[in-house]
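Below is one structure, written out as structure tokens; the observations come after it.
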Amino acid sequence: MGLFILRRLFYFIPMLFVFSVLAFAVMQLQPGDFLSKHALTMSADTLAQLRQRYGLDQAPWVQYWKWVSAILTRGDFGTSFETQQPVFAHLFVNGNRLGWTLLLTGISLGFSWALALPLGIYLATTTYAGRKSPFSSASSKASGSRLKYALHALGTGTRWATVRLINALSTASLALPNFLTALLILWLLVAVFQVGARYGLGISGLFDAKYVNAPWSLGRLLNFLWHLWPVVLVVSLSNMAQLIRYMRAHLLDVLGEPYVQTARAKGLEERAVVYKHAVRNALNPLVSLLGLWIPLLFEGMLVAAFVLQLPVVERAYWRALATEDQYVVLAGLLFFALVLLVGNLLSDVLLALVNPRIRYE
Amino acid sequence: MRRYFSLLLGLLVVVAWTLPLQAQDATLIPNPKVLTQDQFPDGLGTPGGSVTIDNVDNPRTFNPIIQFESSSDAVNRHLHAALLELGSQDPNALAEAFEVSSDNLSVRLILREGLKFSDGEPLTADDVLFTFNDVVFNPDVVSRKTQWLINGQFPTVVAEDPLTVTFTTAVPFPPILTNLALQEILPKHKLAQFVHKLNPDVPAGTFNEAWNIGTPVEEIVGAGPFRLASFVADQQAVLERNPFYWKVDPEGTRLPYLDQIILPVVSDDNVRLLRFVNEETDIYGPSPEDLPVLQQRTQQGIRVLVAPQAGTRGDNFFTFNQDAADPDLRQLFHDVRFRQAMSHALDRQTIIDIFQNGLAEPRFGPGMSAAFFFGVQDDLNFPRFDTDLDKAASLLDDLDLPDSDGDGTREFGASYPNPGKPVAFELIVPEGSRVPISEADFWAQDLATIGVEVNLNPISFNTLVGRVSGSRPPDFEAVRISIGGGGDPNLAADVYASQGPLHLYKFSDAEGTDVPDYQREVDDLFARQAVSTDANERFQIVAQLQTVLAENLPLIWISNGQGLLAFREDRLGNFVGISLDATIVNSELVFRRDLAQ
């Protein structure tokens, strides 16, 4: 396994190289000289120096080489023309952007999986009309008791309502664009619940103003949690709907397999059949999806960051796109490429952990 | 008269009584600026508390010389002070007195004794000389120096002693007092190291990178009411009171009243409105369409100020780049008939009614604030090229722009370099604010009906500024933008004079070749008004200037919006004015009402 991970890490090098060439080519396709857009705030000398430093007056491959060699030899990702800061500091270090991105994305990832998997399992194992539920061993009608029948009807009705509710919510979350969900949450908090007027609570950002510069304390932690939940909801909601559907579909597939029948036939409890035999196998395709999932979360964070005003890498990247801050955009693209690669590696490793048949030796 | 006399006497007694008190405050200078009672509309305040105002973006720089956008200004405006100040009866600021020589060629200013920057270092004539001779007039530094150019020359600035500075010009230059009020004095002890001519170790132009947003906050000092306490990117900037500030209220209380100004970074219009309604922020610059929401909430202590209380905004306009790279468009944009047609196709009143809730005046010529400045009604009889689509279409017909293929869009005729090419241009608009985009879209639809295709492109404001003025020739075809008004009409030379740094409609005029006749007349009028010492004569020249511009439409003026500002009246006292970007102007006077109770 260790060797496998090492080998995969080694593959990152050519992959990142290809990514960097692609990213650079895309930037070159943009019309105009990006430095001229900043001429208003820089003197002619500064501009000339920057042009020379990045070889902007030279052929694209020379520019590319200067950029890449500066990264490899000095860890220098260039300068943000907007803020006159080194790109690495601007995009990742200032305001602890990378730290917040990883923390928020991690929490959202955990939340979406922790909620989506049980819901998917519930949807797959729950039937509410006509068909036999895997959890009820006998049909109530057969028992003939009116009370039992009524209870069963009530149970079926509740299940029917729950299933419909989950379906409706997941469809809605899939259909609603992230930014609208974010705005809706903020609007509900302000206009309906009046959290500011009633409880003095703020909206958007990660903290109320008084806690931004304060040292960590219980109050700050609680305030952070208050600001955290809309972020987690917005980032995970749309992806979660998909995850629920995947989980349900795969589990239904697996539940129809002969070995599940065998497990039931040998008298295993239904719970054990589902969780020990069926779910573990249904998870395999989902785990391999994780590689794609992580970039999706970063994409969700991009929108959340913009509406919810989060101090994350995505927001700085977004602004760099809008202001055509070339070296920041390039560093951002490389970062997202790395996220994709790490996500894939992670999903391969996890796959081996959950599936004993997979070994990378 | 007797009453005034006794009042004055009473005031003197109060001042005399507070003097020993002030002496105890070791950091207060011997002769602070004592504000008069009438400058406090809600009475004197109680020190303490804070005000929270959302800033539209991270500041780009803490360097006030190179700032060109409101997100930096929202922070920097509170950190610095100038020699003189506008808008109060006593124009003295860092200078305790000034005199203009009888020949109108020089201004001599005496600085207050014992002035200190916010880090406690003394502020002397040396800092004034540094600010002007080494920074503002320095060719290496990107600054608003054109307003200081008089026939191509800067004033000479010399110091007689550490407290006396004299500005001398070759010809009388009335705008100099306004200019002095707009130029913050910078600390030489912090910034000299970044100026190549004082520190040859650094390359020329280093100053433009000084005081960037990564600079430690202790390095950023000024003589304004507040100083920078902290800045966290994407979260907030916090300003704290400057303990060395040089103004006191009539009772001798050191200003500012507020302990802090908190400026969270919130870059979305909707979220800023929600946060204001949620009582998180105290001040909000609404769009006209937010008014119904806010006016419902007046009982919650929200008050909306509308011009003229809130001051007037500058001009909003469309303009064409007469140096555009496309030869056909360039030829077209040069023709005044085309610009007249564009003005005829613009339904200003409907735009104001729909998108600005009627809260604006249609504009047919430049504002320039001349009326405000000279104290007369600004009802100049500009030539008006008002809404008339038929007129617009017939003007376009005259310009050899037939719709030869009958697809509804005109093509360039044989008199253009590329006959047969559709008449289309890209219109860039600042994204993020709704009104400009709606206006541009509305105009584009009307233009489509007369066969002109507009490609509307909303881009970030900073990118837009870069494309419009970042290179020569600039990289745009048409733009919708606003330029703030206020102050001396001479400031409008930035835009309309050939040499102006914001002469965005035809930067090539600066080269002096191919300058249209009307532009030569404009330049001549600007030069004349700048040296005219007779206010009436100057007003006449400015009026003529405005008429020439209105006839030739280098800009397609849209409207002069009224300033709008919402604030929490239950919390803030002495809150009187705003600027274009809806932030506090008189931050040293504002106090928290809830603390006083």
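Here the protein sequences line up with chains A and B, keeping their order.
Residue 1 is where the first sequence starts when you use my numbering, and the numbers rise one by one after that.
Residue 1001 is where the second sequence starts when you use my numbering, and the numbers rise one by one after that.
Think of the CB as a built atom: it goes at the ideal place given N, C-alpha and C, for glycine as much as any other residue.
Note that the structure is a prediction, hence the values are computed from the model and not measured.
(request) Kindly say whether Ala-138 of chain A, judged by its beta-carbon, lies nearer than 8 Å to any beta-carbon of chain B. (result) Note that Ala-138 of chain A scores a pLDDT of 47, beneath 50, so its modelled location is shaky; the value from the coordinates is reported in the next line. Residue contact with chain B for Ala-138 of chain A: absent (no Cβ-Cβ distance below 8 Å to any residue of chain B).
(request) Give the residues of chain B in contact with Gln-84 of chain A, contact being defined as C-beta atoms less than 7 Å apart. (result) Correct list: Glu-1209, Asn-1212.
(message) Any beta carbon of chain B sitting closer than 8 Å to that of Ala-209 of chain A?
(response) At least one chain B Cβ lies under 8 Å of Ala-209 of chain A.
(request) State buried or exposed for Trp-1557 of chain B, treating a residue as buried only when at least 16 other CB atoms are found within 10 Å of its CB. (result) Buried, because 16 or more other Cβ atoms sit within 10 Å of the Cβ of Trp-1557 of chain B.
(message) Nearest by alpha-carbon distance to Gly-1224 of chain B: which of B:Ile-1213, B:Phe-1231, B:Leu-1239, B:Trp-1211 is it?
(response) Among B:Ile-1213, B:Phe-1231, B:Leu-1239, B:Trp-1211, the Cα nearest to that of Gly-1224 of chain B belongs to B:Leu-1239.
(message) Using a Cβ-Cβ cutoff of less than 6 Å, which residues in the same chain neighbour Asn-1457 of chain B once the five nearest sequence positions on both sides are dropped?
(response) These residues qualify, in order along the chain: Glu-1426, Ile-1428.
(request) Assign Asn-1199 of chain B to buried or exposed, taking buried as 16 or more other Cβ atoms, counted over all protein chains shown, within 10 Å of its Cβ. (result) Under this definition Asn-1199 of chain B is an exposed residue.
(request) Taking 8 Å as the cut-off, decide whether the C-beta atoms of Gly-1222 of chain B and Leu-1079 of chain B are in contact. (result) Yes, these two residues count as a Cβ contact at 8 Å.
(request) Flag Pro-1264 of chain B as yes if its beta-carbon sits less than 8 Å from any beta-carbon of chain A, otherwise no. (result) So yes, Pro-1264 of chain B belongs to the interface.
(request) Select from the stretch 49-79 of chain A all residues with a C-beta closer than 7 Å to any C-beta belonging to chain B, and list them in chain order. (result) Listed in sequence order: Gln-49.
(request) Please name the residue in B:Thr-1178, B:Asn-1055, B:Gly-1120, B:Asn-1063 whose C-alpha comes closest to that of Ala-1091 of chain B. (result) Strictly speaking, residue 1091 of chain B in this sequence is Pro, with Ala absent from that position. Between Pro-1091 of chain B and the set B:Thr-1178, B:Asn-1055, B:Gly-1120, B:Asn-1063, the nearest pair of CA atoms involves B:Thr-1178.
(request) Give the DSSP-derived three-state secondary structure of Asp-1328 of chain B in the structure shown. (result) Collapsing the DSSP output to three states places Asp-1328 of chain B in a helix.
(message) To the nearest angstrom, how far is the alpha carbon of Phe-1591 of chain B from that of Pro-1288 of chain B?
(response) Take the alpha-carbon of Phe-1591 of chain B and the one of Pro-1288 of chain B: they are about 27 Å apart.
(request) Could you list which residues in chain B have their beta carbon closer than 8 Å to that of Trp-187 of chain A, in chain order? (result) Per Cβ cutoff of 8 Å: Leu-1274.
(message) Any beta carbon of chain A sitting closer than 8 Å to that of Glu-1279 of chain B?
(response) Judged by the 8 Å Cβ criterion, Glu-1279 of chain B is in contact with chain A.
(message) Taking 8 Å as the threshold (beta carbon to beta carbon), is Ser-204 of chain A in contact with chain B?
(response) At least one chain B Cβ lies under 8 Å of Ser-204 of chain A.
(message) I want to verify the contact list: residues of chain C whose CB lies under 9 Å from the CB of Leu-183 of chain A, in sequence order.
(response) In the structure shown, chain C does not exist; the protein chains are A and B.
(message) Residues of the stretch 309-326 of chain A in Cβ contact with chain B at a cutoff of 8 Å, in chain order, please.
(response) The stretch 309-326 of chain A vs chain B, Cβ under 8 Å: Gln-309, Leu-310, Pro-311, Val-312, Arg-315, Ala-316, Arg-319, Ala-322, Thr-323, Glu-324.
(request) Starting from Val-1271 of chain B, follow the beta strand (DSSP E) in both directions and report where the run begins and ends. (result) Counting along the chain, Val-1271 of chain B falls outside any beta strand (DSSP E), though it belongs to the alpha helix (DSSP H) covering 1269-1277.
(message) My parser needs the alpha helix (DSSP H) runs of 4 or more residues fully inside the stretch 1183-1239 of chain B; what are they?
(response) You should have 1188-1191.
(message) How far does the alpha helix (DSSP H) with Ser-231 of chain A in it extend, from its first residue to its last?
(response) Sequence inspection shows Val at residue 231 of chain A; the Ser mentioned does not correspond to that position. Per DSSP, Val-231 of chain A belongs to the alpha helix (DSSP H) from 218-255.
(request) Determine contact between the stretch 8-26 of chain A and the stretch 326-345 of chain A, defined as no fewer than three beta-carbon pairs at a distance below 8 Å. (result) In short, these stretches touch, since the Cβ pair count reaches three.
(request) Give a yes or no on whether the C-beta atoms belonging to Val-349 of chain A and Arg-280 of chain A are separated by under 8 Å. (result) No.
(request) Could you tell me which chain B residues have their CB closer than 9 Å to the CB of Phe-306 of chain A, listed as they occur along the chain? (result) From the beta-carbon of Phe-306 of chain A, the residues of chain B found nearer than 9 Å are Ser-1267, Asp-1268.
(request) Have a look at A:Val-254, A:Ser-288, A:Pro-295, A:Leu-297 and flag the residue whose alpha-carbon is nearest the alpha-carbon of His-277 of chain A. (result) His-277 of chain A has its Cα closest to that of A:Val-254, out of A:Val-254, A:Ser-288, A:Pro-295, A:Leu-297.
(request) With distances taken Cα to Cα, identify the nearest neighbour of Tyr-1518 of chain B among B:Ala-1550, B:Leu-1149, B:Val-1056, B:Val-1202. (result) Distances from the alpha-carbon of Tyr-1518 of chain B to those of B:Ala-1550, B:Leu-1149, B:Val-1056, B:Val-1202 put B:Ala-1550 closest.
(message) Going by beta-carbon coordinates alone, are Val-313 of chain A and Asn-1278 of chain B separated by less than 8 Å?
(response) If you check the CB distance, Val-313 of chain A and Asn-1278 of chain B do not come in under 8 Å.
(message) With a threshold of 8 Å, are at least 3 pairs of Cβ atoms found where one atom belongs to the stretch 286-304 of chain A and the other to the stretch 261-278 of chain A?
(response) No, the stretch 286-304 of chain A is not in contact with the stretch 261-278 of chain A.
(message) Please state whether the Cβ-Cβ distance between Tyr-1496 of chain B and Pro-1362 of chain B is less than 8 Å.
(response) At the C-beta level, Tyr-1496 of chain B and Pro-1362 of chain B stay beyond 8 Å of one another.
(message) Checking 8 Å against the spacing of the C-beta atoms, do Glu-1439 of chain B and Ser-1460 of chain B come in under that value?
(response) Cβ distance not < 8 Å, so Glu-1439 of chain B and Ser-1460 of chain B don't count as in contact.
(message) So Ala-1237 of chain B contacts chain A; which residues on that side make the cut at Cβ distance below 9 Å?
(response) None at all; the shortest Cβ gap to chain A is about 10 Å.
(request) Report the neighbours of Asn-178 of chain A on chain B: residues whose CB is nearer than 8 Å to its CB, in chain order. (result) Residues of chain B with a Cβ closer than 8 Å to the Cβ of Asn-178 of chain A do not exist; the shortest Cβ-Cβ separation is about 13 Å.
(request) Taking Thr-1463 of chain B as the query, report the chain A residues whose CB atoms sit under 9 Å from its CB, ordered along the chain. (result) Correct list: Lys-37, Ala-322, Thr-323, Glu-324.
(request) Measure the alpha-carbon distance for Val-339 of chain A versus Val-1265 of chain B and round it to whole angstroms. (result) Taking the CA atoms as reference points, Val-339 of chain A sits about 27 Å from Val-1265 of chain B.
(message) Quick check: is the beta carbon of Val-195 of chain A nearer than 8 Å to any beta carbon in chain B?
(response) Among the CB atoms of chain B, one or more fall inside 8 Å of the CB of Val-195 of chain A.
(request) Look at the Cβ atom of Phe-1062 of chain B, then the Cβ atom of Thr-1215 of chain B, and state whether they are nearer than 8 Å. (result) Yes. Within cutoff.
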